[in-house]
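Using this note's numbering, the final residue of the sequence shown is 281, and nothing's skipped along the way.
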Amino acid sequence: QVNVLHKFKGILFSTMSSEELLNALDSFPVRQDDVFLVSYPKSGTHWVAEIIENIPNASIALTSPIELGDISKLEELEMYSERRVIPTHLSYDLLPANIKQKQCKIIYIVRNPKDTAVSLYHYYRDNPNLPCIETWDAFLELFLKGEVVYGSWFDHVLSWEEHRNDENVLIIFYEEMKKDFSKSFKKIATFLGIHVNDSEVNEIAWKTSFSEMKSHSVKENDDVSHTICALTSDRNLVFRKGVVGDWINHFTPKQKRAFDELFTEKMNQSELARHLKEIS
Ligand code: A3P
Numbered sequence: 002q003v004n005v006l007h008k009f010k011g012i013l014f015s016t017m018s019s020e021e022l023l024n025a026l027d028s029f030p031v032r033q034d035d036v037f038l039v040s041y042p043k044s045g046t047h048w049v050a051e052i053i054e055n056i057p058n059a060s061i062a063l064t065s066p067i068e069l070g071d072i073s074k075l076e077e078l079e080m081y082s083e084r085r086v087i088p089t090h091l092s093y094d095l096l097p098a099n100i101k102q103k104q105c106k107i108i109y110i111v112r113n114p115k116d117t118a119v120s121l122y123h124y125y126r127d128n129p130n131l132p133c134i135e136t137w138d139a140f141l142e143l144f145l146k147g148e149v150v151y152g153s154w155f156d157h158v159l160s161w162e163e164h165r166n167d168e169n170v171l172i173i174f175y176e177e178m179k180k181d182f183s184k185s186f187k188k189i190a191t192f193l194g195i196h197v198n199d200s201e202v203n204e205i206a207w208k209t210s211f212s213e214m215k216s217h218s219v220k221e222n223d224d225v226s227h228t229i230c231a232l233t234s235d236r237n238l239v240f241r242k243g244v245v246g247d248w249i250n251h252f253t254p255k256q257k258r259a260f261d262e263l264f265t266e267k268m269n270q271s272e273l274a275r276h277l278k279e280i281s
């Protein structure tokens with residue numbers, strides 16, 4: 002397998018994110034009304050993107066990830082006339098500076114890191130754009146060291162920690178979306194300034210349910226312009242189980258202990274982590 006990852010500023014990226022593009026992101030012409038959909042990989046990005054796309058009369062256009070491709074990306078994103086929703090897996094530190102200056106709206110999705118690790122493990126196994134990985138044990142070691150694509154989950158979430166109460170930032174939790182869709186959905190709609198009535202919410206809940214999205218993924222698979230994750234355009238790789246707590250089928254007691262120890266060490270000051278513990 003050829004080298005599918007490269008390092009940029011100490012973080013592993015897919016080679017589909019060119020160094021030239023990553024270097025140029027700070028000069029990306031941001032628009033005030035842009036919405037950034039940010040997450041560590043496998044946190045539910047496709048789900049939230051689908052939710053936003055299904056809001057009636059939202060007048061938005063979902064673009065492909067800001068960090069996917071080469072330098073021509075910047076021009077490509079200029080072509081949109083509607084309000085852009087731009088997905089990315091960048092941490093706060095790597096996000097273009099002018100997004101922060103312009104106070105663009107940012108939705109950051111967080112998911113329980115054990116489930117995220119399991120989901121990313123399967124992605125490594127199935128996605129030809131990611132390195133070959135032999136065992137779950139070997140993968141978990143890399144995950145804990147942050148030697149995986151987009152770096153350490155812990156550092157990624159911590160980079161957002163101090164911005165969790167910023168007016169232009171909305172934090173959404175995967176587990177809360179599963180538990181109470183309508184509550185999380187209303188947070189998203191209100192944040193975007195769009196009114197949605199109850200029957201519309203029900204319709205969106207149904208259309209964006211895991212089973213609906215999975216069955217549609219086969220048909221929609223060829224649409225490369227509908228790329229949400231910079232690691233694949235193949236939607237068949239995305240919809241695996243879509244549940245909370247699948248980690249229990251993968252972690253040995255020893256792995257769980259090691260994970261929890263690092264979690265405590267890294268996240269003991271984190272409000273986001275405290276909330277994650279409450280809900281999962
Ligand atoms: P699993 O591998 O645990 O099934 P992302 O979109 O950020 O790549 O995240 C992918 C994860 O979100 C996968 O998790 C996928 O199954 C899950 N997912 C995708 N759509 C979903 C939906 N509509 N409802 C619940 N989970 C969903």
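A virtual CB, placed ideally from N, CA and C, is assigned to each residue, including glycine. Values in this document were obtained by computation on a predicted structure and should not be read as measured data.
Exposure label - residue i; buried when at least 16 CB within 10 Å
i	result
VAL39	buried
PRO57	exposed
MET342	Given a span of 2 to 281 for the chain in the structure shown, any question on residue 342 remains unanswerable.
THR191	exposed
ARG258	exposed
PRO254	exposed
ASN166	exposed
SER226	exposed
ASP35	buried
LYS220	exposed
LYS184	exposed
LYS28	Looking at the sequence shown, residue 28 is not Lys but Ser. Exposed, by the Cβ-count rule.
SER200	exposed
Beta carbon of residue i nearer than 8 angstroms to that of residue j
i	j	result
ILE172	LEU273	yes
ILE107	VAL170	yes
TYR124	LYS43	yes
ARG232	VAL119	For the record, residue 232 in the displayed sequence is Leu; it is not Arg. Not in contact: LEU232 and VAL119 (Cβ atoms no closer than 8 angstroms).
ILE72	SER19	yes
PRO97	LEU26	yes
GLU148	LEU263	no
ILE52	ALA59	no
SER160	SER92	yes
TYR41	HIS90	yes
SER218	ASN237	yes
ILE195	ASN55	no
PHE140	ILE100	no
From the options, residue whose alpha carbon lies closest to that of residue i
i	options	result
HIS276	LYS115, GLN104, LEU121 and PHE174	PHE174
LYS103	ILE189, PRO30 and THR136	PRO30
VAL239	ASN24, THR46 and ARG165	THR46
ASP235	VAL245, GLY246, LYS215 and SER92	LYS215
ARG241	GLU213, SER281 and HIS227	GLU213
ASN296	TRP137, LEU159 and GLU163	Because the chain is modelled from 2 through 281, residue 296 falls outside the range shown and cannot be assessed.
ASN113	GLN270, LYS208 and ASP261	ASP261
PHE182	GLY194, LYS208 and HIS164	LYS208
THR265	LEU145, GLU204 and GLY11	LEU145
TRP48	LYS220, ILE189, PHE140 and SER28	ILE189
ASN4	ALA206, LYS278, PRO132 and SER153	PRO132
MET268	SER153, SER185, GLY194 and ILE195	SER153
GLY11	GLU279, LEU95 and VAL111	LEU95
GLU163	TYR109, GLY243 and GLN256	TYR109
GLY243	SER28, PHE211, ASN24 and GLN256	PHE211
Distance between beta carbons of residue j and residue i, contact taken as under 8 angstroms
i	j	result
GLU116	TRP248	Here the sequence assigns Asp to residue 116, which means Glu is not the residue at that position. Correct: roughly 5 angstroms between the Cβ atoms.
LEU121	GLU68	In fact, because the Cβ distance is near 17 angstroms, the residues do not count as touching under 8 angstroms.
ARG85	ALA62	6 angstroms
MET17	ASN130	7 angstroms
GLU176	VAL245	5 angstroms
CYS105	GLN2	Rounded, the Cβ-Cβ distance is 37 angstroms, inconsistent with contact.
VAL158	VAL111	6 angstroms
LEU78	THR64	6 angstroms
Limits of the unbroken alpha helix (DSSP H) element including residue i
i	result
HIS157	154-162
ALA53	Sequence check: residue 53 is Ile here, not Ala. From DSSP, the alpha helix (DSSP H) with ILE53 extends over 46-54.
LEU171	Element bounds for LEU171: not the alpha helix (DSSP H) but the beta strand (DSSP E), 170-174.
LEU78	74-79
LEU23	20-25
SER185	182-193
PHE144	137-146
ALA118	114-127
First through last residue of the beta strand (DSSP E) which encompasses residue i
i	result
HIS7	6-9
ARG84	84-89
LYS106	106-111
ILE12	12-15
LEU63	61-63
VAL202	Not the beta strand (DSSP E): VAL202 falls in the alpha helix (DSSP H), residues 199-208.
PHE37	36-40
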